[in-house]
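Trainee: Below is the structure I would like to discuss, written out as structure tokens.
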DNA sequence: CGCATTATGACAACATATTGTCAATGGAGG
DNA sequence: CCTCCATTGACAATATGTTGTCATAATGCG
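Protein chains in written order, with this note's numbering: chain A, 356 to 509; chain B, 356 to 509.
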């Protein structure tokens with residue numbers, strides 16, 4: 356009578372439900388990891404994205420890298436600038452779209468967070484198989500692409 | 356000099372970064388799927404959790420099932436009650452902790468959302484391998500447990 | 001060059017979810 | 001019984017992220 360889930364779609368739906376719980380747990384862990392260093396999970400992610408970039412990026416570009424709306428990234432960046440962790444530099448290619456880079460304080464905060472994240476990740480990964488992790492990453496990367504491709508849009 | 360990521364921890368960190376993008380894409384897809392039915396992704400999830408439960412649950416219990424704080428679920432439930440999709444029933448075991456169940460309208464909304472979600476999931480899963488999806492689900496379920504700190508404490 | 005389109009930052013409104021706090025409820029032991 | 005503690009719903013404050021809108025800056029096309 357009604358359309359039914361294929362077996363793959365059934366697995367996928369269960370995977371999605373588990374994904375929400377996982378995301379919540381991951382964010383909570385990110386908070387525990389970064390709050391002692393004076394950051395939050397979201398600020399740490401923005402800071403890390405900028406720190407890992409090869410060259411200073413615009414706010415809109417950081418948003419694209421992270422898969423977030425530029426407005427949300429802008430608010431976090433403004434907070435980090437207010438906190439002295441980030442600063443703007445002139446963009447030779449665009450008068451309004453300033454480039455964002457780390458201050459010395461921001462670099463120190465990034466290193467402090469990294470110093471905590473590395474042993475945390477090592478402990479967490481101790482009993483896991485890198486191959487399975489990479490396969491899972493491939494899967495969600497493919498799913499992200501499919502979902503961004505507007506599957507199911509009307 | 357500084358502690359370094361093990362190969363597994365390196366994979367795990369990349370997996371986490373991809374997870375954030377995936378979660379964003381999944382939420383956006385959930386919105387596209389449910390807004391035409393008069394829901395939102397979050398309300399749909401709460402509604403579905405209650406609809407799938409074997410018996411009426413309390414708000415706090417729905418929060419536990421979903422891995423969310425009960426306060427957030429409470430706000431969504433209040434919105435759904437205001438919209439006529441949910442209603443409360445007396446709890447014989449607790450005078451304050453009312454049980455939540457669907458109204459006829461709520462049941463219709465759940466069926467409408469399901470009617471849209473099923474072909475969407477089938478299309479999305481068409482080229483995927485159920486085994487790999489299940490392995491990925493096992494992985495993130497294990498990670499959620501580790502992150503919640505119930506396992507992993509030696 | 002001139003004009004339409006796109007990209008960007010700023011601002012506002014809103015949705016979602018968290019933590020903290022409080023009072024009421026229920027249960028477990030003395 | 002009565003006290004202590006965990007649970008629950010309510011409320012507030014806050015963090016995060018979205019969409020919408022606007023003005024400005026850059027780009028592409030005739």
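Ideal Cβ positions, reconstructed from N, Cα and C, are used throughout, including at glycine. In this text, all values refer to a predicted model and were calculated from it rather than measured experimentally.
Could you tell me how far apart the beta carbons of residue 473(A) and residue 358(B) are, in whole angstroms, since I believe they sit closer than 8 Å?
Mentor: Here residue 473(A) refers to the residue found at position 118 when the first chain is read from its first residue. Here residue 358(B) refers to the residue found at position 3 when the second chain is read from its first residue. So it is a contact: roughly 5 Å between Cβ atoms.
Trainee: Does the beta-carbon of residue 378(B) have 16 or more other beta-carbons within 10 angstroms, so that it is buried, or is it exposed?
Mentor: Counted from its first residue, the second chain places residue 378(B) at position 23. Residue 378(B) is buried by the Cβ-count criterion.
Trainee: Anything in chain B within Cβ reach of residue 422(A), meaning under 8 Å, just list it in chain order.
Mentor: The sequence position of residue 422(A) within the first chain is 67, counting from 1. Here the neighbours are 375, 376, 379 and 380.
Trainee: What whole-angstrom Cβ distance do residue 392(A) and residue 405(A) have, given they're in contact under 8 Å?
Mentor: Counted from its first residue, the first chain places residue 392(A) at position 37. Counted from its first residue, the first chain places residue 405(A) at position 50. Actually they are not in contact, since the Cβ atoms of residue 392(A) and residue 405(A) sit about 16 Å apart, beyond 8 Å.
Trainee: Quick one: give me the first and last residue of the alpha helix (DSSP H) that residue 486(A) is part of.
Mentor: Residue 486(A) sits at position 131 when you count from the first residue of the first chain. Segment 485 to 503, the alpha helix (DSSP H) holding residue 486(A).
Trainee: What distance in whole Å lies between the Cβ atoms of residue 361(B) and residue 477(A), which are believed to be in contact at a cut-off of 8 Å?
Mentor: Here residue 477(A) refers to the residue found at position 122 of the first chain. Here residue 361(B) refers to the residue found at position 6 of the second chain. The Cβ separation is near 5 Å, so the contact holds.
Trainee: At a Cβ threshold of 9 Å, is residue 434(B) touching chain A?
Mentor: Here residue 434(B) is taken as the residue at index 79 of the second chain, counted from 1. It does not: the Cβ of residue 434(B) has no partner Cβ on chain A nearer than 9 Å.
Trainee: With DSSP collapsed to three states, give me the class of residue 442(B).
Mentor: In the second chain, counting from the first residue as 1, residue 442(B) sits at position 87. Strand.
Trainee: Taking DSSP's pairing of strands, which residues face residue 454(B) in a bridge?
Mentor: To locate residue 454(B), count along the second chain from 1; it is residue 99. 413(B) and 444(B).
Trainee: Any Cβ of chain A within less than 9 Å of the Cβ of residue 444(B)?
Mentor: In the second chain, residue 444(B) corresponds to position 89, counting from 1. Not one chain A Cβ lies under 9 Å of residue 444(B).
Trainee: Our contact map puts residue 363(B) next to residue 495(A) with C-beta atoms below 8 Å; I'd like the distance itself, whole angstroms only.
Mentor: In the second chain, counting from the first residue as 1, residue 363(B) sits at position 8. In the first chain, counting from the first residue as 1, residue 495(A) sits at position 140. So it is not a contact: roughly 17 Å between Cβ atoms.
Trainee: Listed in chain order, which residues of the segment 482 to 502 of chain B have Cβ atoms closer than 7 Å to some Cβ of chain A?
Mentor: Of all residues in the segment 482 to 502 of chain B, 483, 485, 487, 488, 489, 490, 491, 492, 494, 495, 496, 498, 499, 501 and 502 have a Cβ within less than 7 Å of some Cβ in chain A.
Trainee: Does residue 416(B) get closer than 9 Å to chain A when you measure Cβ to Cβ?
Mentor: Here residue 416(B) refers to the residue found at position 61 when the second chain is read from its first residue. False, the Cβ-Cβ gap to chain A never drops below 9 Å.
Trainee: Within the 9 Å Cβ cut-off, does residue 360(A) reach chain B?
Mentor: Against the first chain, residue 360(A) aligns to sequence position 5. Yes, because at least one Cβ of chain B sits closer than 9 Å to the Cβ of residue 360(A).
Trainee: So for residue 371(A), helix, strand or coil by DSSP?
Mentor: For the purposes of this step, residue 371(A) is taken as the residue at position 16 of the first chain. Three-state DSSP puts residue 371(A) in a helix.
Trainee: With three or more beta-carbon pairs closer than 8 Å as the criterion, would you say the segment 372 to 389 of chain B touches the segment 383 to 397 of chain A?
Mentor: Touching, no, given that fewer than three Cβ pairs across the two stretches are closer than 8 Å.
Trainee: Based on DSSP bridge pairs, tell me the residues matched to residue 449(A).
Mentor: Working through the first chain from its first residue, we reach residue 449(A) at position 94. 446(A), per the DSSP bridge assignment.
Trainee: Does residue 363(B) come within less than 9 Å of chain A when only Cβ atoms are used?
Mentor: The residue given as residue 363(B) occupies position 8 in the second chain. Answer yes: the Cβ-Cβ gap between residue 363(B) and chain A drops below 9 Å somewhere.
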